[in-house]
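Okay, so the sequence shown: first residue is 1105 according to the working numbering, each after it adds one. Every residue, glycine too, gets a C-beta built ideally from N, C-alpha and C. Only one structure is covered here, and it is reproduced in the block below.
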Amino acid sequence: MTIAPVQRSTSLGSSAWTDARLILALEEVVEKELDRHLKVAKEWMPHEFVPWSRGRDFPGVLDGEAWEPGDSKVTPLGRVSLVVNLLTEDNLPSYHHEIATMFGREGAWGTWVHRWTAEEGRHGIAIRDYLLTTRAVDPDELERARMSHMSEGFTSDNAHSMLQSVAYVAFQELATRISHRNTGHYAGCPLADQLLAKIANDENLHMVFYRNLLKAALEIAPDQAMRAIADVVTDFRMPGHGIPGFERAAAQIALGGVYNLRIHHDDVLQPVLRHLKVMEIGGLGPEGLQAQQELGVFLDGLDAQATKFDERQAARLARIAARKQ
1105 MTIAPVQRST
1115 SLGSSAWTDA
1125 RLILALEEVV
1135 EKELDRHLKV
1145 AKEWMPHEFV
1155 PWSRGRDFPG
1165 VLDGEAWEPG
1175 DSKVTPLGRV
1185 SLVVNLLTED
1195 NLPSYHHEIA
1205 TMFGREGAWG
1215 TWVHRWTAEE
1225 GRHGIAIRDY
1235 LLTTRAVDPD
1245 ELERARMSHM
1255 SEGFTSDNAH
1265 SMLQSVAYVA
1275 FQELATRISH
1285 RNTGHYAGCP
1295 LADQLLAKIA
1305 NDENLHMVFY
1315 RNLLKAALEI
1325 APDQAMRAIA
1335 DVVTDFRMPG
1345 HGIPGFERAA
1355 AQIALGGVYN
1365 LRIHHDDVLQ
1375 PVLRHLKVME
1385 IGGLGPEGLQ
1395 AQQELGVFLD
1405 GLDAQATKFD
1415 ERQAARLARI
1425 AARKQ
């Protein structure tokens, strides 16, 4: 992977950029991005995407009908992915705590933290209402999974670093957008597709906010920001990794084409890195240059892994097709 130098400079050495100084230095950028976000964000109502007329009582107090797998036309892949996405969204209280603790609750940072939380909150509301009203999932199993997952809470891998926190959400918001959007495509229900498109749009706007913030950080503290990006990319994992049965569900989601190594490399990492021109930044100090080189090596390796996955998946699909003949 070639690196074309583009000279950057900063008036402070990397050691001078503490989290507190960075948060203060980026306050105006946050304010600008918040204003932009509020102008482009469109109001939407979660309840408008829930087919309430299809709802039926469940067993219990109302003595309703027991859930059956055939109650819904949502595909098995769509069901698995919808549940993973919902349980991930359910941990919003922990996510809010993490970013509010890191970024603070005052000024433009605080306004953004609360706005982000409010927008994210409607995602879990909408998905849960849709799943239960359409009887797409076993409500008892869903509630037990929610209790288990939320009882574990969430601790960010990047809580020790403001820059790593910003870098992480820049990639994670895009990953979540892709996951929601592809889940809608594979759910087998036009209404679910519309709902998840709305949610994906929110996630995309959040990604743009954090990506632009990360771009500003690269301008003022290029070495530290490069190190943060490299650390996040090479050790990335989705916030829902603690969900009960996550590994099995993730494998199904990968094989089904909702989210896998190729998608992660091509549709999540590369778009953000290209926009920021991360591999073109020159004038870095030893720390930044090493991080940039580590990132290039990692991306090449990830691309090779994704190619192997693609080849295995193609062979698998060919075997399935042969059995059906």
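Between the options, which lies nearest to residue i when the distance is taken from Cα to Cα?
i, options, result
"ARG1341", "LEU1318, HIS1368, PHE1313", "HIS1368"
"VAL1184", "GLY1349, ASP1306, VAL1270", "GLY1349"
"SER1255", "GLU1391, LEU1126, LEU1399, GLY1346", "GLY1346"
"GLY1064", "MET1330, ASP1370, THR1338, GLN1409", "Only positions 1105 to 1429 of the chain appear in the structure, and residue 1064 is not among them; the question remains open."
"ASP1339", "ASN1262, LEU1267, CYS1293", "ASN1262"
"ILE1203", "GLY1168, GLU1247, SER1265", "SER1265"
"ARG1158", "ASP1244, ASP1327, THR1411, ASP1233", "ASP1233"
"LEU1317", "GLY1182, GLU1351, ALA1120, TRP1213", "TRP1213"
"HIS1151", "ALA1296, GLU1415, THR1411, LYS1381", "ALA1296"
"LEU1190", "ARG1250, LEU1138, LEU1393", "ARG1250"
"ARG1209", "VAL1134, VAL1144, TRP1148", "VAL1134"
"GLY1120", "LEU1166, ASP1327, SER1260", "Gly is not the amino acid found at residue 1120; the sequence shown has Ala there. Looking at the Cα atoms, ASP1327 is the closest of the given residues."
"SER1283", "VAL1188, VAL1336, VAL1217, ALA1332", "VAL1188"
"PRO1155", "TRP1148, TRP1171, ALA1230", "ALA1230"
"ALA1332", "GLU1384, ASP1371, GLY1164, SER1269", "SER1269"
Taking only the alpha-carbon atoms, compute the straight-line gap between residue i and residue j and give it to the nearest angstrom.
i, j, result
"ARG1420", "GLY1361", "13 Å"
"LEU1186", "ARG1160", "20 Å"
"THR1114", "ILE1324", "Because the pLDDT at THR1114 is just 42, under 50, the model does not fix this residue reliably, and the value given afterwards should be weighed accordingly. Spanning the two alpha carbons is a distance of roughly 6 Å."
"ALA1108", "GLY1400", "Only weak support exists for where ALA1108 lies, its pLDDT of 33 falling under 50; the value from the coordinates is given anyway. The straight-line gap from Cα to Cα measures roughly 13 Å."
"PHE1153", "LEU1299", "6 Å"
"SER1252", "PHE1258", "12 Å"
"ASP1404", "ALA1334", "13 Å"
"ALA1321", "ALA1426", "52 Å"
"THR1106", "LYS1428", "Low local confidence applies: a pLDDT of 29 at THR1106 is under 50, so the model's placement there is unreliable, with the coordinate-based value given in what follows. Distance between the alpha carbons of THR1106 and LYS1428: 46 Å."
"ALA1418", "PRO1180", "21 Å"
"ALA1355", "PHE1402", "22 Å"
"LEU1235", "GLY1392", "46 Å"
"LEU1142", "SER1198", "24 Å"
"ALA1408", "GLN1394", "21 Å"
"GLN1396", "LEU1130", "23 Å"
"GLY1182", "HIS1379", "31 Å"
"ARG1219", "ALA1422", "47 Å"
"MET1076", "ALA1291", "One cannot answer for residue 1076 here, as it falls past the ends of the chain, which runs 1105 to 1429."
"GLU1147", "ALA1301", "14 Å"
"GLN1111", "LYS1319", "In this prediction, GLN1111 has a pLDDT of 35, which is less than 50 and means its spatial position is unreliable; what the coordinates show is noted afterwards. Computed Cα separation, rounded: 15 Å."
"THR1205", "SER1260", "11 Å"
"LEU1377", "LYS1136", "22 Å"
"VAL1165", "PRO1243", "14 Å"
Ignore the nearest five residues each way along the sequence and tell me which others in residue i's own chain have a CB closer than 6 Å to its CB.
i, result
"GLU1307", "GLU1277, THR1280, ARG1281"
"THR1221", "HIS1200"
"HIS1310", "GLU1277"
"PRO1053", "Outside the shown range of the chain (1105 to 1429) lies residue 1053, about which nothing can therefore be said."
"HIS1227", "GLU1193, ILE1303"
"ASP1123", "MET1266"
"GLU1223", "ASP1306"
On the DSSP letters alone, give me the boundaries of the alpha helix (DSSP H) that residue i sits inside.
i, result
"LEU1421", "1390-1428"
"MET1266", "1266-1290"
"THR1338", "1326-1338"
"SER1198", "1196-1207"
"ARG1160", "Neither: ARG1160 is in no alpha helix (DSSP H) and is coded neither H nor E."
"THR1237", "1211-1237"
"SER1255", "1243-1256"
"VAL1376", "1374-1380"
"PHE1350", "1350-1360"
"ARG1140", "1131-1144"
Given residue i, which residues of its chain have a CB within under 7 Å of its CB, disregarding the five upstream and five downstream residues?
i, result
"GLY1225", "LEU1196"
"ALA1358", "ASN1364"
"THR1215", "LEU1138"
"GLY1211", "GLU1131"
By Cβ distance below 8 Å, which residues in the same chain neighbour residue i in space, the five residues on each side in sequence not counted?
i, result
"LEU1406", "LEU1365, HIS1368, HIS1369, LEU1373"
"GLY1168", "ARG1160, ASP1161, PHE1162"
"ILE1127", "PHE1207, GLY1208, TRP1213, MET1266"
With three or more beta-carbon pairs closer than 8 Å as the criterion, would you say the segment 1287-1296 touches the segment 1261-1278?
With a cut-off of 8 Å, the segment 1261-1278 and the segment 1287-1296 do not count as touching, because too few Cβ pairs lie within range.
*Contact between the segment 1311-1320 and the segment 1265-1274: three or more CB pairs below 8 Å?*
These segments touch.
When you compare the segment 1166-1184 with the segment 1226-1241, are there three or more beta-carbon pairs, one atom per stretch, that lie closer than 8 Å?
As far as the Cβ criterion goes, the segment 1166-1184 touches the segment 1226-1241, which means the pair count is three or higher.
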